[in-house]
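Structure, as structure tokens:
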Amino acid sequence: MKLVVRVKLLPDADQAAALHATLRTVNEAACWVSAVAFEHGVPREYELRKHTYTELKVRGLGAQAAQHTIKKVRDAYTALRANIRAGNLGRPGSRRRVRAESKPITFRPQAAQPYDERCLSWQYDAGTVSIWTTAGRLKSVRFTGSRGALKRLREHRRGESDLVERDGAFYLIATCEVPENPVNENPVGFVGVDLGIVNIATTSTGYRAGGRGLNRHRKRQADLRRKLQAKGTKSAKRLLKKRSRTEARHTADVNHVIAKTIVTTAERTGHGIALEDLTGIRDRVRLRKGQRTQLHSWGFHQLGQYIAYKARRAGVPLVYVDPAYTSQECSQCHHVDRKNRVDQARFACRSCGTMLHADTNASYNIARKGEAVWTAGRESRVPAPA
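The sequence shown begins at 0 in numbering that gives the first Met the number 0 and counts up by one.
Structure follows, in structure tokens:
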């Protein structure tokens, strides 16, 4: 499986200036290539290269950098078309879709630029890289990262790496091909995972990750941003810039911890994992204005992705189930009634009288559905007729 490792570059002043100028030059060139592609109806990569390669060389880009810039633009339009086909930009004629289709794609000055083996070489023992820039080849640019990240980088790095600038710091994002463990084909059962806002994740094994701390952190960050934006001074803007992505980093860390706990438990006990398929839930749910911020900052998709890749790496089977009625169905007698859900935390079956925490009851239903999905998807073991 493919994972990414991010390491931080530690350039000196001259090296930082060269990297800064390089990213701006290649992204300005990418914007120009995008305009050419839009004008010619987004031709194929080979045809786009005939229209733009010579000019890119005149702008100071090396041969490989020019090729990667053209490919980056073509990939961006491919992703745009895929999003349009999937309906992620709305229906035909919607304001968002018209805005996306009516103008060329643009690239931020700090946007990532891909590097291959000809443009970038790693010296792991010395902890340095040699990297191409518009000012020439920079050698002995130091980099740093966590011990685990550096170990994975040394052992499993394959393919291209991306150079990106964030808040004045430079990072290399490298692709690593990490071997997967063989999937457990005969799980003893499934761990049902109920995702929510009040409780981020509740499992059928009794683990519950409360969302109170994360929700308080988000509220505090929102209040702080509101105060700084209202103040509007230079120091307030500087603090806003300094604190950008703080909430995202904190949320990602919390989701990593929860995902690791769930996958480790399933691997240790020989179980699989059953997750709800919550695709499109933000479009289906209608909430009051005061609750919309919580819904749209809910990181269920990120948590699901973390669980998925950690499960693949550990060889834990993972299935997705239909979330319909999991919060209204009794996990004991399977009676479905909206009134079974007394409130956010309590579940009381109107048929058999079972009383459980509402999220725990839902996790039991998800686990049962996971077993049914796994059994239905397995290859038939019935012997062939004589």
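Where a beta carbon is used, it is the ideal one built from N, C-alpha and C, also for glycine.
Nearest in C-alpha terms to R151, of all of D166, V72 and V6, is V6.
Residue state for A347 is assigned as strand, using DSSP reduced to three classes. A Cβ-Cβ contact shorter than 8 Å links D358 with D193. 8 Å or more divides the Cβ of R146 from the Cβ of C175. With contact defined as three or more Cβ pairs closer than 8 Å, the region 24-37 and the region 66-79 are in contact.
Per the coordinates, the alpha-carbon of C329 lies some 15 Å from the alpha-carbon of Q343.
Between I83 and R98, the C-beta spacing is not below 8 Å. Taking every protein chain shown into account, the CB of K368 has 16 or more other CB atoms within 10 angstroms, so this residue is buried.
For L274, the uninterrupted beta strand (DSSP E) run begins and ends at G271 to E275, by DSSP. Between W373 and G303, the beta carbon gap of about 17 Å keeps them out of contact (Cβ cut-off 8 Å).
Counting C-beta atoms within 10 angstroms of its own C-beta, N87 has fewer than 16 neighbours from the protein chains shown and is therefore classed as exposed.
In terms of CA proximity to L2, E179 leads the group A208, V128, E179 and R244. The secondary-structure analysis by DSSP pairs A173 across a beta bridge with V4 and S160. With 16 or more other Cβ atoms from the protein chains shown falling within 10 Å of its own Cβ, A200 counts as buried.
The shortest C-alpha to C-alpha distance from A134 to any of Q301, V25 and A361 is the one to V25.
Looking from the CA of H334, the closest CA among G352, R345, I306 and V318 belongs to G352.
If you look at D11, you'll find it isn't in any alpha helix (DSSP H); DSSP assigns it neither H nor E. At a Cβ-Cβ threshold of 8 Å, D115 and E164 do not count as neighbours. Close CB contacts of L239 within its chain, under the 6 Å cut and outside five residues either way in sequence, are with L227 (chain order). Note on the region 199-272: whole beta strand (DSSP E) runs with a minimum of 3 residues are 207-209, in chain order. Its Cα nearest to that of T264, the residue G188 stands out among R337, G188, V140 and H216. Residues C348, S350, C351 and T353 of the same chain have their beta carbon placed closer than 8 Å to that of C332, with the five preceding and five following residues left out of the count. According to DSSP, residue pairing for S129 in a beta bridge involves S120.
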